[in-house]
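If you use our numbering, the sequence shown corresponds to residues 1 to 99, in order.
To start, the structure itself, in structure tokens.
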Amino acid sequence: MTDSNSTNLDPLLEVEPINDIDLLLLSWAQMEAIELIVADEEAAEAKTDLVALLMTDYGVTDIRLIERTYEYYEVGYRQGGEELTMRFETVEVESIYDL
């Protein structure tokens, strides 16, 4: 019988779960990254759809790219009247270029 207790897992294999809002904001940052290098109508439409989903399902508004560096993209947004930010590694955001 196997033990389902996660304390027996190899710590190198454990991954912190990502919630939906994080993934949607990452997708938004990826669409923004595409628009920074080329005017892409599909990326703009996808970004608009993501903004609508974030607004209706999560109450997220005022999404914007605050900073872009060699190390990270920082996305700012408002949720529940609070100003929040989230950083994504540049490699993660720009992996969209490989598709």
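Even glycine gets a Cβ: it sits at the ideal position worked out from N, Cα and C.
Out of 23, 72 and 38, state which residue places its alpha-carbon closest to the alpha-carbon of residue 51.
-> Minimum Cα distance to residue 51 is reached at 23.
Unbroken beta strand (DSSP E) runs of length 3 or more, entirely within the segment 22-96: which are they?
-> If you keep only unbroken beta strand (DSSP E) runs of at least 3 residues inside the segment 22-96, you get 60-68, 72-79 and 82-89.
Excluding sequence positions up to five away, which residues of its chain have a Cβ less than 8 Å from the Cβ of residue 67?
-> Here the set comprises 73 and 74.
Straight-line gap, residue 44 to residue 35 (C-alpha atoms, nearest Å) | If you take the alpha carbons of residue 44 and residue 35, they lie about 7 Å apart.
For residue 6, which of helix, strand or coil comes out of DSSP?
-> For residue 6, the predicted model reports a pLDDT of 44, less than 50, meaning its position is unreliable; a value from the coordinates is still stated below. In the three-state scheme derived from DSSP, where H, G and I count as helix and E and B as strand, residue 6 is classed as helix.
What do you get for residue 119, buried or exposed, if any count of 16 or more other CB atoms within 10 angstroms of its CB means buried?
-> This structure does not reach residue 119, given that the chain is present from 1 up to 99, and the question cannot be answered.
Pull up the CB-CB distance for residue 96 and residue 77, whole angstroms please, since I reckon it's below 8 Å.
-> That belief does not hold up - the Cβ atoms of residue 96 and residue 77 are roughly 19 Å apart, past 8 Å.
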